[in-house]
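Counting in the UniProt record's numbering, the sequence shown tops out at residue 162, every number present.
Every residue gets a Cβ at the ideal spot worked out from N, C-alpha and C, and that includes glycine.
Notes follow once the structure below has been shown.
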Amino acid sequence: MASRSLLRSLWTTSTKIYNFSKPCLTSAPTLRLMTARSTSIKQFHTSSKLCSENIVTIQDEKDWQKTVLKNELPVIVDFYADWCGPCKLLAPRLESQIAKYTGKVILAKVNIDNFTELAIDHGVEAVPSVIAFKDGEQTHSFVGLKDDAEIEAFVKKTITEE
1 MASRSLLRSL WTTSTKIYNF SKPCLTSAPT LRLMTARSTS IKQFHTSSKL
51 CSENIVTIQD EKDWQKTVLK NELPVIVDFY ADWCGPCKLL APRLESQIAK
101 YTGKVILAKV NIDNFTELAI DHGVEAVPSV IAFKDGEQTH SFVGLKDDAE
151 IEAFVKKTIT EE
């Protein structure tokens with residue numbers, strides 16, 4: 001009961017302080033505390049890089065078709081899970097590399113817990129799995145945590161590959 005009261009007061013305070021109607025959230029300690037205390041509240045991405053137009057979170061099958069399979073630009077798909085530690089370490093590294101190439105490549109993020117069939121269809125057996133697509137076809141991929149130099153090489157290969 002006390003945790004509900006605390007959660008309610010934090011929610012009321014945080015909605016006054018932070019404007020949740022904006023498409024991108026800033027890092028908010030209150031928000032992190034709320035998500036840690038309540039399993040019914042989904043965790044929000046707080047990375048400011050997600051505000052970039054070349055980084056997209058896939059929401060449904062139609063979104064997948066439009067963003068990945070029918071896109072003129074090369075697309076790098078990050079298959080991740082919220083519970084995956086290496087995924088949480090890879091995401092900001094991948095986002096920072098993608099941000100360097102605005103207008104040349106798109107990063108699509110897919111939560112495997114929400115889109116299990118999609119992950120299976122594309123051969124994802126472990127997370128994080130990153131797959132590059134060009135003209136709707138898989139070109140190359142990697143699995144696991146990589147350092148910045150390897151990620152940059154992967155992004156460059158995706159952009160320059162014919």
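Report the three-state DSSP secondary structure of residue i (helix, strand or coil).
i: Thr-102; result: coil
i: Phe-115; result: coil
i: Asp-147; result: coil
i: Lys-70; result: coil
i: Glu-137; result: strand
Taking the Cβ atom as the reference point for each residue, do residue i and residue j lie within a distance shorter than 8 Å?
i: residue 187; j: Val-75; result: For the chain, the structure presents residues 1 to 162; residue 187 sits outside this window and is missing.
i: Val-56; j: Tyr-101; result: no
i: Val-130; j: Ser-141; result: yes
i: Val-105; j: Val-77; result: no
i: Leu-118; j: Trp-83; result: no
i: Leu-145; j: Leu-90; result: yes
Please go through the same chain and pick out, in chain order, the residues whose beta-carbon is closer than 7 Å to the beta-carbon of residue i, but skip the five residues on each side of it.
i: Gly-136; result: Leu-69, Lys-70
i: Ile-151; result: Arg-93, Leu-94, Gln-97
With a 10 Å radius around its C-beta and 16 neighbouring C-beta atoms as the bar for buried, classify residue i as buried or exposed.
i: Gln-97; result: buried
i: Asp-147; result: exposed
i: Ile-112; result: buried
i: Thr-158; result: buried
Starting from residue i, follow its DSSP beta bridges and name the residues at the other end.
i: Thr-57; result: Lys-109
i: Phe-79; result: Val-110, Ser-129
i: Phe-154; result: DSSP output for Phe-154 lists no bridge partner at all.
So, at 8 Å on beta carbons, what are the nonlocal neighbours of residue i in its own chain, with the 5 sequence-adjacent residues on each side left out?
i: Gln-138; result: His-122, Ile-131, Ala-132
i: Glu-53; result: Thr-102
i: Thr-161; result: For clarity, residue 161 is Glu in the given sequence; the question names Thr instead. The answer, listed in chain order, is Pro-74, Ala-132, Lys-134, Thr-139, His-140.
i: Thr-67; result: Val-56, Ile-58, Val-75, Ile-106, Ala-108
i: Ser-40; result: The predicted position of Ser-40 is uncertain, since its pLDDT is 38 and thus under 50; no value can be drawn from it.
What does a CB cutoff of less than 6 Å around residue i pick up in its chain, not counting 5 residues either side in sequence?
i: Tyr-80; result: Cys-87, Val-127, Pro-128
i: Ser-48; result: Summary for Ser-48: the model assigns pLDDT 38, below 50, so the residue's position carries little reliability; its value from the coordinates is reported in the next sentence. So no residue of the chain qualifies.
i: Val-124; result: Phe-79
How about residue i: is its Cβ closer than 7 Å to a heavy atom in the ligand COA?
i: Ala-126; result: The ligand COA is absent from the structure shown, which contains no ligand whatsoever.
Using a Cβ cut-off of 8 Å (strictly closer), state whether residue i contacts chain B.
i: Arg-93; result: The structure shown contains no chain B, having only a single protein chain.
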